[in-house]
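Quick note: the sequence shown, position 40, residue 41 per this note's numbering, numbers continuous.
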Amino acid sequence: MVDGHRIERKIEVTNFLDLMKNYNYSNIECSKHTVFRLSEKQSKSFKCSNLIELLLTKEPKLVGIQYNGLHAVFYKNQNNNYIKILLDISLKKIEIVTYYTIDLSQLPVIK
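Written as structure tokens, this is what we have:
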């Protein structure tokens with residue numbers, strides 16, 4: 002794994018949920034890169050609107066800030082899978098950089 006993609010520090014889920022209260026559908030957007038690296042099957046599983054809905058309405062399992070400054074947010078999905086969403090959060094907007102479907106063994110352990 003690239004060092005910049007490792008999680009530097011954990012963020013409490015309650016703190017992340019409080020942060021998300023400052024945003025709504027109009028100031029969360031997907032970048033051109035959001036689905037760039039995904040297989041066709043993966044990119045069809047979630048549209049941008051689905052990802053925004055997840056961010057605004059669901060409680061994540063784990064949240065951290067990577068060494069590259071992006072927030073990594075992990076949501077439980079189906080069949081013991083998780084969705085990892087990478088976010089670039091600024092004061093006025095959130096950009097969904099990309100997302101991945103990962104399995105339980107890929108969920109990071111943050112100490």
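For every residue, glycine included, the Cβ atom is placed at its ideal position computed from N, Cα and C. Values in this document were obtained by computation on a predicted structure and should not be read as measured data.
Proximity of residue i and residue j at Cβ, strictly below 8 angstroms
{"i": "Y68", "j": "E9", "result": "yes"}
{"i": "L71", "j": "M21", "result": "no"}
{"i": "K94", "j": "I29", "result": "yes"}
{"i": "L55", "j": "C31", "result": "no"}
Residue from the options with nearest C-alpha to residue i
{"i": "K33", "options": "I66, M21, N81, I97", "result": "I97"}
{"i": "N82", "options": "N28, S91, E30, K62", "result": "K62"}
{"i": "R7", "options": "S91, L87, L20", "result": "L87"}
{"i": "P109", "options": "N51, A73, C31", "result": "A73"}
{"i": "F75", "options": "I90, D104, N25, C31", "result": "D104"}
{"i": "N16", "options": "L55, E60, Q79", "result": "E60"}
{"i": "S50", "options": "I111, V14, S27", "result": "S27"}
{"i": "Q79", "options": "T102, Q107, I111, N25", "result": "T102"}
{"i": "V14", "options": "K85, S91, L92, V64", "result": "V64"}
Spatial neighbours of residue i in its chain, beta-carbon cut-off 6 angstroms, leaving aside the 5 residues before and after
{"i": "M2", "result": "With a pLDDT of only 48 at M2, under the threshold of 50, the placement of this residue in the model should not be trusted; the figure read from the coordinates follows. Excluding positions up to five away in sequence, the list is empty."}
The beta strand (DSSP E) enclosing residue i, as first and last residue numbers
{"i": "V110", "result": "From DSSP, V110 is part of no beta strand (DSSP E); its letter is neither H nor E."}
{"i": "K93", "result": "Looking at the DSSP string, K93 is not in any beta strand (DSSP E), and its letter there is neither H nor E."}
{"i": "K11", "result": "8-12"}
Sequence-distant residues of its chain with Cβ nearer than 8 angstroms to residue i (five each side left out)
{"i": "I66", "result": "I8, E9, R10, I12, H72, A73"}
Sequence-distant residues of its chain with Cβ nearer than 7 angstroms to residue i (five each side left out)
{"i": "K85", "result": "A73, F75, Y100, Y101, I103"}
Legend entry - Length at least 3, wholly inside the region 40-89: the beta strand (DSSP E) runs in chain order: 63-67, 72-77
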